[in-house]
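Report on the following structure.
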Amino acid sequence: ETLVHSSFKPVPNADYVIPVEIDPGTLTDVYVLKRPYVDYFMEEMGKHYEIVVFTASLAKYADPLLDLLDVNNVIRWRLFRESCYPFQGNYVKDLTSLGRPLERTIILDNSPHSYAFQPQNALPISSFIDDPTDCDLLDAVPVLVELAKAADVAATLVANDGYLPRMPYAERGLPMPQTSTAGHVHLGDTPARSNPARGGDAHGTGVHRTSRGCRGEQAVSRAGPGRDPGALVVQAGAQRGLRDTRGDRPG
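Using my numbering, you'd call the opening residue of the sequence shown number 473 and step up by one each time.
If you want it as structure tokens, here you go:
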């Protein structure tokens, strides 16, 4: 629940409705709300980082969701539940299995359990449910842009206690970007919508969700305490199933 919130229960103004085969031969709709500013966040992070979405969700749900969410085609890799490490009842995202230098890797995640093996590499964020005034992704943008210049992101994160509390974006004197565009897509109704990396249109109907302005900073839990960061791991550890969604493999 770093980038989106999903529910089996119908929710008002769902951005996406994704049919998932939970039981053989039976499709169940999953209702998805995008976190405010997620499109802007992903676009900006794509300018500074190699983006890996590492999720404990199943690929049969998360893959079609990411096809829709990645409107700017910035997600380089997708890792799903089978790439996580089961540990003490949780799915841990082991950053060492990415094959990237840890001093150049940051994980942004709402669950401390997810980064239990490398807490020093974590930029914590609160869980998103349905608050239209949520600005945590927006607040994280200037921090992550600055971290991209750090010689060692892990040491910098520890030295700054994960940048908590985090200065609100609105107090930085920066121009406010527009909020995310809500696609309102039901995959069962519109099979033509596909991965933009394959030339499809992931914007849906183009209906806009408006924001009522950012609320105050939420309390975020942190478990324990990156040279120019090479990878930004968003809510998502292991190289099994690694798939380059942009077609060009890294050197």
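Cβ coordinates follow ideal geometry from the N, Cα and C atoms, glycine included.
- In this structure V525 is not in contact with V504, their Cβ atoms being roughly 14 angstroms apart against a cut-off of 8 angstroms.
- Bounds of the beta strand (DSSP E) holding K506 are 498 to 506.
- Within the DSSP secondary-structure output, P482 pairs in no beta bridge.
- Residue environment: F513 is assigned as buried (16 or more neighbouring CB atoms within 10 Å of its CB, all protein chains considered).
- In the assembly as shown, G634 is a buried residue. Its beta-carbon has 16 or more other beta-carbons within 10 Å.
- Per DSSP, the beta-bridge partners of R550 are V525.
- Taking 8 angstroms as the cut-off, the beta carbon of L567 is found closer than this to the beta carbon of N593.
- In this chain, the beta strand (DSSP E) harbouring Y563 covers 562 to 564.
- C-alpha of P591 to C-alpha of P584: approximately 8 angstroms in a straight line.
- A direct Cα-to-Cα measurement between I490 and V510 gives close to 18 angstroms.
- For a cut-off of 8 angstroms, the C-beta gap from M517 to V483 is around 26 angstroms, too long to register as a contact.
- Straight-line spacing of the CA atoms in L616 and P496 works out to 42 angstroms.
- Boundaries of the alpha helix (DSSP H) harbouring D608: 608 to 619, taken from the DSSP string.
- By the CB criterion at 8 angstroms, D581 and I601 fall outside the cutoff.
- Collapsing the DSSP output to three states places H477 in a strand.
- Under the DSSP assignment, V543 falls outside any beta strand (DSSP E); it carries neither an H nor an E label.
- Using a Cβ distance threshold of 8 angstroms, R638 and A612 count as a contacting pair.
- Bridge pairing for D581: P596 [DSSP].
- Taking 8 angstroms as the cut-off, the beta carbon of V492 is found no closer than this to the beta carbon of K519.
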